Amino acid sequence: MVHTGEEPPISGTKGSGTVFFAHCTLQCCYCQNFPFSQEHNGKDYSVEELALVYLWLQQQGCHNLNWVSPTQFLPHAFEALLIAREKGLRIPVVWNSSGWENPSIFQLSRYFCDIFLLDARYSNDDTAYRYSKATQYTTINETIIRLARDIQPNDCFEDGLMQKGVLLRLLVLPGYAHECVALLHTLHRIVGNKVYISLMSQYFPTWKAFENPPLDRTISHEEWGTVTATLDSLGFTNGWTQELE
Ligand code: SF4
Numbered sequence: 009m010v011h012t013g014e015e016p017p018i019s020g021t022k023g024s025g026t027v028f029f030a031h032c033t034l035q036c037c038y039c040q041n042f043p044f045s046q047e048h049n050g051k052d053y054s055v056e057e058l059a060l061v062y063l064w065l066q067q068q069g070c071h072n073l074n075w076v077s078p079t080q081f082l083p084h085a086f087e088a089l090l091i092a093r094e095k096g097l098r099i100p101v102v103w104n105s106s107g108w109e110n111p112s113i114f115q116l117s118r119y120f121c122d123i124f125l126l127d128a129r130y131s132n133d134d135t136a137y138r139y140s141k142a143t144q145y146t147t148i149n150e151t152i153i154r155l156a157r158d159i160q161p162n163d164c165f166e167d168g169l170m171q172k173g174v175l176l177r178l179l180v181l182p183g184y185a186h187e188c189v190a191l192l193h194t195l196h197r198i199v200g201n202k203v204y205i206s207l208m209s210q211y212f213p214t215w216k217a218f219e220n221p222p223l224d225r226t227i228s229h230e231e232w233g234t235v236t237a238t239l240d241s242l243g244f245t246n247g248w249t250q251e252l253e
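Mapping to the numbering used here: the sequence shown position 133 is 141, numbers consecutive.
See the structure below:
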């Protein structure tokens, strides 16, 4: 789809060419994309057909090709990319994922990925396992973010559109603002406060969140205020914060 709701340097004026791959490396009980990330809905494509999808998105004027949760289809996504490149695909490739990846597989992204759009969600391994079935989350997420920064050390823009770089997404979870605060401190330590941050207040309960309080509510003004105050106090000035409605 042509996605106009990503961050401004990703969606720009003409949208981001988004391909949602079925499944996800995480199993978040509150996933807003659960029909395809958890229930595995989707449509089968051959690599040749997928290459045509990439080219179609470019023809629509999309600023980039945005792979959402590509890891489990990486060989096919990549093969389709090679075919599409030969046929004239020129737009940058975005790796948009949970940030919980096998590092040796993620390393391969250095050969084709221009922009990393990665989640940083938890600062406690028990919380990550409870809500997303992820083991060793904090170590792995830190490793992946460091790797992404290593692969794309500079954030480059043209006409306000990101061409290369790293953008980290932090979704504040109800009852866990303190983990988001701790995450900001970790990011400050491992990649510095110049990294682009997208701080998100949009959480709403869906999927199995109602069985998992306190995830059965939206975040409070107090929780949001705590996180935004930390963002400011640590000097993160690059990025975006959503409005809390
Ligand atoms: S990482 Fe994102 S897409 Fe994957 S299950 Fe969690 S919320 Fe859904």
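Ideal Cβ positions, reconstructed from N, Cα and C, are used throughout, including at glycine.
Quick caveat: nothing in here was measured; it's all calculated off a predicted structure.
For residue i, which residues from the same chain have a beta carbon less than 7 Å from its beta carbon, with the 5 sequence-adjacent residues on both sides left out?
| i | result |
| --- | --- |
| residue 76 | 26, 27, 28, 29, 104 |
| residue 79 | 33, 105, 109, 113 |
| residue 9 | 26 |
| residue 184 | 135 |
| residue 70 | 10, 22, 23, 24, 25, 99 |
| residue 81 | 29 |
| residue 133 | 144, 145, 146 |
Could you name the residues that DSSP lists as bridge partners for residue i?
| i | result |
| --- | --- |
| residue 173 | 123 |
| residue 105 | 126 |
| residue 220 | Note: residue 220 sits in no beta bridge, so no partner. |
| residue 27 | 75 |
| residue 153 | Per DSSP, none; premise fails for residue 153. |
| residue 114 | According to DSSP, which records beta bridges pairwise, residue 114 is partnered with nothing at all. |
| residue 205 | 176, 247 |
| residue 186 | BP columns for residue 186 are empty, so no partner. |
| residue 165 | 170 |
| residue 11 | 24 |
Does residue i pass the burial test, meaning 16 or more other C-beta atoms within 10 Å, or should it be called exposed?
| i | result |
| --- | --- |
| residue 170 | buried |
| residue 54 | exposed |
| residue 238 | buried |
| residue 164 | exposed |
| residue 150 | buried |
| residue 50 | exposed |
| residue 166 | exposed |
Indicate, with yes or no, if the ligand HEM has a heavy atom lying under 7 Å from the CB of residue i.
| i | result |
| --- | --- |
| residue 127 | The ligand content of the structure shown is limited to the ligand SF4, which means the ligand HEM is not among them. |
For residue i and residue j, I'd like the C-alpha separation in whole angstroms.
| i | j | result |
| --- | --- | --- |
| residue 107 | residue 125 | 9 Å |
| residue 23 | residue 17 | 10 Å |
| residue 234 | residue 189 | 8 Å |
| residue 48 | residue 137 | 21 Å |
| residue 92 | residue 60 | 7 Å |
| residue 226 | residue 56 | 42 Å |
| residue 217 | residue 224 | 5 Å |
| residue 210 | residue 118 | 31 Å |
| residue 215 | residue 42 | 7 Å |
| residue 228 | residue 68 | 39 Å |
| residue 36 | residue 13 | 21 Å |
| residue 236 | residue 198 | 19 Å |
| residue 128 | residue 148 | 10 Å |
| residue 244 | residue 250 | 15 Å |
| residue 240 | residue 87 | 42 Å |
| residue 5 | residue 141 | The structure shown does not extend to residue 5, since the chain is modelled only from 9 through 253, so no value can be given for it. |
Less than 8 Å between the C-beta atoms of residue i and residue j, yes or no?
| i | j | result |
| --- | --- | --- |
| residue 174 | residue 139 | no |
| residue 213 | residue 38 | yes |
| residue 248 | residue 15 | yes |
| residue 131 | residue 143 | no |
| residue 58 | residue 97 | no |
| residue 120 | residue 155 | no |
| residue 207 | residue 181 | no |
| residue 196 | residue 252 | no |
| residue 153 | residue 111 | no |
| residue 162 | residue 202 | no |
| residue 20 | residue 168 | yes |
Spatial neighbours of residue i within its chain, please: C-beta separation below 6 Å, excluding the five flanking residues on both sides.
| i | result |
| --- | --- |
| residue 116 | none |
| residue 45 | 32, 39 |
| residue 84 | 55 |
| residue 231 | 185 |
| residue 157 | 174, 199 |
| residue 219 | none |
Skipping 5 residues on each side, what residues in its chain have a beta carbon closer than 8 Å to that of residue i?
| i | result |
| --- | --- |
| residue 123 | 18, 72, 100, 101, 102, 103, 160, 170, 171, 172, 173, 174, 175 |
Taking only beta-carbon atoms, is residue i less than 8 Å away from chain E?
| i | result |
| --- | --- |
| residue 49 | The structure shown contains no chain E; it is built from a single protein chain. |
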